[in-house]
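Chemist: Encoded as structure tokens, here's the structure I'll be asking about.
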Amino acid sequence: MTDLETAVNSDLENLRKWLIANKLSLNVAKTEFMLIGSKPMIKNISDSCPNVYIENVQIKQVHECKTLGVTIDQHLSWKSNTENICKKVTAGISAIRRIKPFKILGRAYINLEGLQTIIVEIEAVLNDRPITYVTSEADDPEPLTPSHLLYGRRLRRLPRLIVEEEELHDPNFDDDSEVRERARKQSIIIQSFWMRWRYEYLTSLREFHKTTGTNEQKVKQGDVVLVHDDGPRANWRLAVIENLVSGNDGLIRSADIRTSTGRTNRPIARLYPLEVSTKQEAKPILSSEKPPPASEPPHRPRREAAVKGRERIARWTQKLSLPPEDVENYA
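The opening residue of the sequence shown carries number 1 in full-length UniProt numbering; numbering runs sequentially from there.
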């Protein structure tokens, strides 16, 4: 086996392990490979074509690229991923599948502009779907939708009330004042949305943990956390952190968690600690041992001008407290 065969088969084995780690599978029976590069390089390699194997199955070489696959070269590197990325890819594919049944036009003739209009209308319908709880009360604010996150409002509004015929001839109808009023109402709606987003959708549990000005981790092993999800916060799951995964820079990047349905891992930015946290047990201090001195927080050294200013204020205050007859002597 040549060095090229060893390198290719080693990279394919890393690819197979990476797919298994990310809960993906590779259909070996339908896997093919093709040499890509300059003609002299391909000619030199073709003279001793490498034998490519995956799970002891030899892969067939082809000379025409019909589908887009995985390209392996000397600069390839495999990095560990989290299941949340795979979940996002699945959600994107699911959104495409929602559009596909609606865009089938059968034998109808339509130009490109008309097709684009239909796709945009379908996109507006999908982005106006509710992603929070839909209440049955008419006075309650409308539920949040993907359109709120993208544009700050819903794309498809309710039809306008019937306009009387005499209003159409009214010179004050739909004038500058009405446009300004609409802009003002839209600004109020956007501000109301951001308030709802802040207090209803996003969690504020991290406020219970003091992390400002320190390099301490927000979560630690054994903590009970809330797992961020793309759905309503009421459906977010609770989990217990079993292990923290560090990156090359030494910072915590992800964590292995245990939920009611099993074990998985999530990025550290999507784990929100609850008020309950694990505390290290304090070791009892024997009577013969002296308790360690409490460490005082480091103080910032004062400037020389500030020190002199305080001294002048102290002398001036002491001067005012002296009796009137002793003022001149003190001076």
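By construction, the Cβ of each residue, glycine as well, lies at the ideal position given by its N, Cα and C atoms. Treat the numbers as computed from the prediction; the structure is a model and nothing was measured.
1. Pull up the CB-CB distance for residue 238 and residue 219, whole angstroms please, since I reckon it's below 8 Å.
2. Could you pull out every residue in the same chain whose Cβ sits closer than 7 Å to the Cβ of residue 28, ignoring the five residues on either side in sequence?
3. Can you grab the Cα-Cα spacing for the pair residue 103 / residue 221, in whole Å?
4. Determine whether the beta carbon atoms of residue 131 and residue 230 lie at a separation below 9 Å.
5. Excluding sequence positions up to five away, which residues of its chain have a Cβ less than 8 Å from the Cβ of residue 311?
6. Under the assumption that residue 256 contacts residue 243 (Cβ atoms under 8 Å), give the Cβ distance between them as a whole number of angstroms.
7. Could you pull the DSSP bridge partners for residue 255 from this structure?
8. Would you say residue 253 and residue 267 are within 9 Å of each other, going by their C-beta atoms?
9. Can you tell me whether DSSP reads residue 123 as helix, strand or coil?
10. For residue 225, write down the residues that DSSP places opposite it in a beta bridge.
11. Does DSSP put residue 220 in a helix, a strand or coil?
12. Quick check on residue 54: does DSSP put it in helix, strand or coil?
13. Quick one: give me the first and last residue of the alpha helix (DSSP H) that residue 146 is part of.
14. Expressed to the nearest angstrom, what Euclidean distance is found between the alpha-carbon atoms of residue 251 and residue 18?
15. Would you give the residue range spanned by the alpha helix (DSSP H) that residue 6 belongs to?
16. On a CA-only basis, which of 128, 150, 151 is nearest residue 142? Give me that one, please.
17. If you drop the 5 nearest sequence neighbours on each side, which residues of the same chain put their C-beta closer than 6 Å to that of residue 228?
18. Could you give the distance in angstroms between the alpha-carbon of residue 11 and the alpha-carbon of residue 62?
19. Would you list the one or two residues that DSSP bridges to residue 61?
20. To the nearest angstrom, how far is it from the Cα of residue 263 to the Cα of residue 241?
21. Where does residue 261 land, buried or exposed, given buried means 16+ other C-beta within 10 angstroms?
22. Using the rule of at least 16 other Cβ atoms within 10 Å of the residue's Cβ for burial, across every protein chain shown, is residue 272 buried or exposed?
23. In terms of alpha-carbon separation, which member of 32, 152, 117, 265 lies closest to residue 245?
24. Note down the Cα distance separating residue 316 from residue 303, rounded to an integer number of angstroms.
25. Taking the beta carbon of residue 145 as the centre, do at least 16 other beta carbons fall within 10 Å, making it buried, or is it exposed?
26. From residue 30 to residue 116, what distance separates their C-alpha atoms?
27. Measuring CA to CA, which of 226, 8, 309, 113 is closest to residue 34?
28. Out of 60, 14, 52, 126, point me to the one whose CA is closest to residue 3's CA.
29. Using the three-state DSSP reduction, which class does residue 313 fall into: helix, strand or coil?
Modeler: Quick look at the numbers:
1. Position 238 of the sequence shown holds residue 238. Position 219 of the sequence shown holds residue 219. No, residue 238 and residue 219 are not in contact; Cβ-Cβ is about 13 Å, not under 8 Å.
2. Stepping through the sequence shown from its first residue, residue 28 is reached at position 28. Hits under 7 Å: 54, 55, 57.
3. Position 103 of the sequence shown holds residue 103. Position 221 of the sequence shown holds residue 221. In this prediction, residue 103 has a pLDDT of 48, which is less than 50 and means its spatial position is unreliable; what the coordinates show is noted afterwards. Their Cα atoms are separated by approximately 49 Å.
4. Here residue 131 refers to the residue found at position 131 when the sequence shown is read from its first residue. Here residue 230 refers to the residue found at position 230 when the sequence shown is read from its first residue. Taking 9 Å as the Cβ cut-off, residue 131 and residue 230 qualify as a contacting pair.
5. To locate residue 311, count along the sequence shown from 1; it is residue 311. So the list is empty, once near-sequence residues are dropped.
6. Position 256 of the sequence shown, counting from 1, holds the residue named residue 256. Position 243 of the sequence shown, counting from 1, holds the residue named residue 243. Correct: roughly 4 Å between the Cβ atoms.
7. Within the sequence shown, the letter at position 255 stands for residue 255. Note: residue 255 sits in a beta bridge opposite 244, 266.
8. One-based indexing of the sequence shown puts residue 253 at position 253. One-based indexing of the sequence shown puts residue 267 at position 267. Yes; because the gap between Cβ atoms is below 9 Å, this pair is in contact.
9. The residue you call residue 123 lines up with position 123 of the sequence shown. Helix.
10. Within the sequence shown, residue 225 is the residue found at index 225, counting from 1. DSSP output for residue 225 lists 239, 273 as bridge partner(s).
11. Your numbering for residue 220 matches position 220 in the sequence shown. Reduced to three states, the DSSP call for residue 220 is coil.
12. As a working note, residue 54 is residue 54 in the sequence shown. Strand.
13. Counted from its first residue, the sequence shown places residue 146 at position 146. Start and end: 146 to 151.
14. Taking the sequence shown and counting its residues from 1, one reaches residue 251 at position 251. Taking the sequence shown and counting its residues from 1, one reaches residue 18 at position 18. Each residue's alpha carbon lies about 23 Å from the other.
15. The residue you call residue 6 lines up with position 6 of the sequence shown. Per DSSP, residue 6 belongs to the alpha helix (DSSP H) from 3 to 21.
16. For this step, residue 142 is matched to residue 142 along the sequence shown. The shortest C-alpha separation from residue 142 is found at 128.
17. Walking along the sequence shown from the start, residue 228 turns up at place 228. Cβ within range, chain order: 270.
18. Residue 11 sits at position 11 when you count from the first residue of the sequence shown. Residue 62 sits at position 62 when you count from the first residue of the sequence shown. When rounded, the distance between both Cα atoms is 19 Å.
19. Residue 61 sits at position 61 when you count from the first residue of the sequence shown. Residue 61 pairs with 33.
20. In the sequence shown, the residue the question calls residue 263 occupies position 263. In the sequence shown, the residue the question calls residue 241 occupies position 241. Straight-line Cα distance between these residues: approximately 10 Å.
21. The residue labelled residue 261 in the question sits at position 261 within the sequence shown. So residue 261 counts as exposed.
22. On the sequence shown, residue 272 is found 272 positions in, with the first residue counted as 1. By the 10 Å Cβ count, residue 272 comes out buried.
23. One-based indexing of the sequence shown puts residue 245 at position 245. Among 32, 152, 117, 265, the Cα nearest to that of residue 245 is on 265.
24. Position 316 of the sequence shown, counted from the start, is the residue given in the question as residue 316. Position 303 of the sequence shown, counted from the start, is the residue given in the question as residue 303. In a straight line, the C-alpha of residue 316 is about 20 Å away from that of residue 303.
25. For the purposes of this step, residue 145 is taken as residue 145 along the sequence shown, with counting starting at 1. Buried, because 16 or more other Cβ atoms sit within 10 Å of the Cβ of residue 145.
26. By one-based count along the sequence shown, residue 30 stands at place 30. By one-based count along the sequence shown, residue 116 stands at place 116. About 35 Å.
27. For the purposes of this step, residue 34 is taken as the residue at position 34 of the sequence shown. Residue 34 has its Cα closest to that of 8, out of 226, 8, 309, 113.
28. The count along the sequence shown starts at 1 and reaches residue 3 at position 3. The shortest C-alpha separation from residue 3 is found at 52.
29. Within the sequence shown, the letter at position 313 stands for residue 313. Helix, per DSSP.
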